[in-house]
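Written out below as structure tokens is the structure these notes cover.
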């Protein structure tokens, strides 16, 4: 179907309209139905709903597959060996950038649809203004002829009823007056034939509804697409910062992104098919939606503007123009005879006003004939079709492709993201360790903490028999954090070799001199190991110096006492080897 703008210019449905119109339109029983755009037909709306349900069905399938995958991940309690996730991170980054590109295509398509809607509203308002101008001008001519010309002719008839000497001239004057009145009535009837089919035609309510719908659609679509971009930014941040929290957050919001993408794809597919059907035969929609007084010939003339077709208003306009021209012609003859028969004060100002109103009516009818030509309205009609069937449909196709692509990509991102964050371990909390010089006395705070700790453990390991500070059986304890178990060293020192023994303080007898404590600092997974005091061997003659009785060495707030003996052993864990204190000499 082609629509002619002027000679040599035709409207043809765009390829996208042909593509969407060619999609099968089926009802619930999968039988083909008529694909002509008919928004009032339940069968046609049912076929559009079935086409729009295809992305919705794919959404359900996608969510089901993601649910199965996430359930397998939740039920998988096996410890994951630590390995590099660089490939996963690069893959996530690549698909995230693709997803951002798909959302960007959707933003571009949304802008095209918005521009098309603005052009449609502009063309529709121009068309409505042209129709309103024709109706207003017709009403102005009607009021001029009815309220002014006919009224003045009636007043002049009263003047002409007065007797005059020349009855023949008076009879001719009355004949001219009657002809002018008759022609005025003919012109009024012709104007009624013009205004009657145009009176119910108005585009303002439809344009207002479209403007309101677009004012809601455009920002809402922009907001949804912007939120999808924010989801992509969250994922990129999690990949760049190695953030387990950000990746888990995207796993949740990514599911919402998948849902929104496929729901928008369902809406856009339905709208694209409907718009394609409309653009294949827009004239049929105009004929179906036109008000009853507007004849099909009038509508077809303005939508096609074929130079072969004749203007349906041509006959009535020519009739009205001829009638007004006859009134204007008779006006000159009547004025000439009336001035000869009657005094000027009897004719003034009625005759002058009548002449002025007749000239005004003549000019209005001539301009009305120009406005009733199809060229202006058809150009506006074609601009509206261009806005809908090319710009808006083109942008809607971009939005449909972007929604489908984003739906697939977000599903892939949720799968990859859920496969990535399980390999990222939580960061270990740092333990606060009192770093004190073993050769200095403990601080008051350390002593207070040690006292409270020993007091709380008094029932089990207190100062009583069998406790930590028991003289009879002192046990050595080394408490290691988290991954290391508490090690109990075998039997304490002989009581005969110790002069005074207190919890955390060792008093050495005269023939025993304490050596410096040995420390081995093991990085990261290990802790500082405090080795016991090794008594110098006085029997071998290594030294002759004696310590004063009562001398003590405090090894932190919780130091342990050691006695002379062979190398002490501390078993740390499965991953730590046995260390002998003599290895540190």
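Residue numbers (UniProt numbering): 1 to 585. Ideal placement from N, C-alpha and C gives every residue a C-beta, glycine not left out. From a predicted model like this one, the values you see are computed outputs, not experimental measurements.
So, using beta-carbon positions, are residue i and residue j closer together than 8 Å?
i: residue 214; j: residue 127; result: no
i: residue 95; j: residue 416; result: yes
i: residue 145; j: residue 361; result: yes
i: residue 177; j: residue 207; result: no
i: residue 281; j: residue 396; result: no
i: residue 326; j: residue 191; result: no
i: residue 316; j: residue 193; result: yes
i: residue 222; j: residue 115; result: no
i: residue 28; j: residue 46; result: yes
i: residue 586; j: residue 287; result: Outside the shown range of the chain, which is 1 to 585, sits residue 586, and nothing can be said about it.
i: residue 15; j: residue 279; result: no
i: residue 293; j: residue 205; result: no
i: residue 159; j: residue 346; result: yes
i: residue 140; j: residue 372; result: no
i: residue 93; j: residue 236; result: yes
i: residue 107; j: residue 225; result: yes
i: residue 62; j: residue 411; result: yes
i: residue 181; j: residue 150; result: yes
i: residue 391; j: residue 11; result: no
i: residue 309; j: residue 403; result: no
Measuring CA to CA, which of the options is closest to residue i?
i: residue 238; options: 38, 88, 134; result: 88
i: residue 358; options: 385, 148, 31; result: 148
i: residue 168; options: 20, 133, 337; result: 337
i: residue 153; options: 173, 138, 136; result: 173
i: residue 274; options: 377, 25, 12; result: 25
i: residue 199; options: 130, 339, 236; result: 130
i: residue 356; options: 332, 243, 106; result: 332
i: residue 248; options: 231, 276, 170, 204; result: 231
i: residue 407; options: 222, 288, 181, 256; result: 256
i: residue 277; options: 30, 11, 235, 39; result: 39
i: residue 418; options: 69, 242, 53, 284; result: 69
i: residue 100; options: 284, 313, 227, 393; result: 227
i: residue 195; options: 135, 414, 203, 171; result: 135
i: residue 123; options: 308, 387, 254; result: 387
i: residue 421; options: 245, 161, 402; result: 245
i: residue 171; options: 216, 51, 261, 334; result: 334
i: residue 30; options: 50, 410, 41; result: 50
i: residue 312; options: 240, 369, 353, 259; result: 369
i: residue 330; options: 212, 138, 354, 209; result: 354
i: residue 67; options: 378, 324, 258; result: 258
i: residue 53; options: 265, 398, 283; result: 265
Would you identify the three-state DSSP class for residue i, choosing helix, strand or coil?
i: residue 26; result: strand
i: residue 490; result: At residue 490, the pLDDT of 43 sits below 50, so the modelled position is not reliable and the matter cannot be decided from this model.
i: residue 11; result: strand
i: residue 199; result: coil
i: residue 290; result: coil
i: residue 219; result: helix
i: residue 85; result: coil
i: residue 468; result: Its pLDDT being 41, under 50, residue 468 is placed unreliably in this model, and the value from its coordinates should be taken loosely. Of the three classes helix, strand and coil, the one that applies to residue 468 here is coil, per DSSP.
i: residue 250; result: helix
i: residue 40; result: coil
i: residue 93; result: helix
i: residue 295; result: coil
i: residue 498; result: Residue placement at residue 498 cannot be trusted, given a pLDDT of 37 that sits under 50; what the coordinates show is reported in the next sentence. Residue state, collapsed to three classes: strand.
i: residue 114; result: helix
i: residue 349; result: coil
i: residue 47; result: helix
i: residue 272; result: helix
i: residue 419; result: helix
i: residue 242; result: coil
i: residue 266; result: helix
i: residue 17; result: helix
i: residue 261; result: helix
i: residue 281; result: coil
Could you tell me which residues DSSP puts in a beta bridge with residue i?
i: residue 32; result: 26
How about residue i: is its Cβ closer than 7 Å to a heavy atom in the ligand NAD?
i: residue 403; result: In the structure on display, the ligand NAD does not appear, and there are no ligands present to speak of.
- Message: As an exercise, report each continuous alpha helix (DSSP H) stretch of at least 4 residues that is fully enclosed by the region 351 to 411, in chain order.
- Response: 374 to 386
Please give me, in chain order, every unbroken run of the alpha helix (DSSP H) with length at least 4 that falls completely inside the region 133 to 158.
None, since the region 133 to 158 contains no complete alpha helix (DSSP H) of that length.
Open item on the list: Which complete alpha helix (DSSP H) runs does the region 157 to 217 hold, if anything under 4 residues is left out?
Closed with: 167 to 198
Fully enclosed by the region 302 to 343, which alpha helix (DSSP H) runs are 4 residues long or longer?
-> 314 to 341
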